[in-house]
Every structure is written in structure tokens, then in C-alpha cells.
Amino acid sequence: MQEDSGNQQMGDKKWEENLRRKLCCPGVGNISCWSLVKDKQGTDHQESIPPLSKQDSTVTTSSKENTQLLASLFSGKIKLGHPQQPSPQLVQQCEKTVTMVEVMHQQVMRLLQGLDTQKATGPDDVSPHLLKRCSQELAVPLT
Numbered sequence: 001m002q003e004d005s006g007n008q009q010m011g012d013k014k015w016e017e018n019l020r021r022k023l024c025c026p027g028v029g030n031i032s033c034w035s036l037v038k039d040k041q042g043t044d045h046q047e048s049i050p051p052l053s054k055q056d057s058t059v060t061t062s063s064k065e066n067t068q069l070l071a072s073l074f075s076g077k078i079k080l081g082h083p084q085q086p087s088p089q090l091v092q093q094c095e096k097t098v099t100m101v102e103v104m105h106q107q108v109m110r111l112l113q114g115l116d117t118q119k120a121t122g123p124d125d126v127s128p129h130l131l132k133r134c135s136q137e138l139a140v141p142l143t
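Going by the UniProt record's numbering, the letters in the sequence shown line up with residues 1 to 143, in that order.
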């Protein structure tokens, strides 16, 4: 029994020494520093989306359901009022035009994860906190 206590103390001491070493290195104050603080406090962030409420008052039970629910929410926000109506003809203001835009999964992830959660919602009424928290699941349907 006493041996277990000694092992525990030795493990705690090693962990504290490792933490001190990490905090003394250059870069303290960046993301790795805050990761150490969260680790010490035991407040590790959750990677997955919690269950979401559906319109029929049930909740989602899988990441796939969450993804589908969020994809339908976002696709509903960006639909055109009259898709059959032709686009207006605009006078060309420049010589070069963009014919293709390539959207990469990693770019979308980086942009979503970099959102400032302190900002207000946009005209789509979607919280930047939700977009950032759900970035992993949202990146697929947005690319």
C-alpha cells in the first residue's frame, strides 16, 4: 500500500517537473501554454458536437445525424427565392473574370476554427460560437 503512495508521489513529481520545463520554454503565452493550463485545470474541450434538437422534438444520436441536421439548416439559409429566374445581366467592369473557385476542406476548417466567438451573429442568424464548435462537421458539406 505504501509502495503505491510512493509511486503516485514520484509520478506527480515527474509530471510537475515536465510542466515546469514546458512553461520555461519560449512560446509561453501561445496556444500550447493555454493547453497546459486547461490540462492542469482538467477543463479539456470537447471535440464532438453534443446532441442537437430536431424539429420533431427528438435529439440526434450520432455525428452523422448532427452533420445532416446542420447541413440542412445551412442549405436552407442560402437558397434563392426563385431559382428558375435568370440572373441579371451586369455590365462587365473588368478584363479578367474568375471562372472556377476551388474550396479546400482544410481551408474551410481553418476559417471556421479561426472565427471570433465574441462577434455577433451575421444576417443568417447563425452564432459564430456554433460555427467554430461545429467546424469539423460543417467543413464537409461546405466544401
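Glycine residues also receive a C-beta, built at the ideal position from the N, C-alpha and C atoms. Predicted, not measured: the structure shown is a model, and the values here were computed from it.
Counted within 10 angstroms of its Cβ, other Cβ atoms place residue i as buried (16 or more) or exposed
i	result
Met1	Note on Met1: pLDDT 49, under 50, position unreliable in the model; no value is reported.
Leu90	exposed
Asn66	buried
Ile49	buried
Ala120	exposed
Pair within 8 Å by beta-carbon distance, residue i and residue j
i	j	result
Leu112	Ser135	yes
Lys132	Thr143	no
Inter-residue spacing [alpha-carbon to alpha-carbon] between residue i and residue j
i	j	result
Lys22	His129	30 Å
Gly81	Pro88	14 Å
Ser63	Glu137	8 Å
Gln55	Glu102	34 Å
Cβ-Cβ separation, residue j to residue i (assumed contact under 8 Å), whole Å
i	j	result
Thr60	Leu69	6 Å
Ala139	His105	6 Å
Sequence-distant residues of its chain with Cβ nearer than 6 Å to residue i (five each side left out)
i	result
Leu52	Thr60, Asn66 and Leu69
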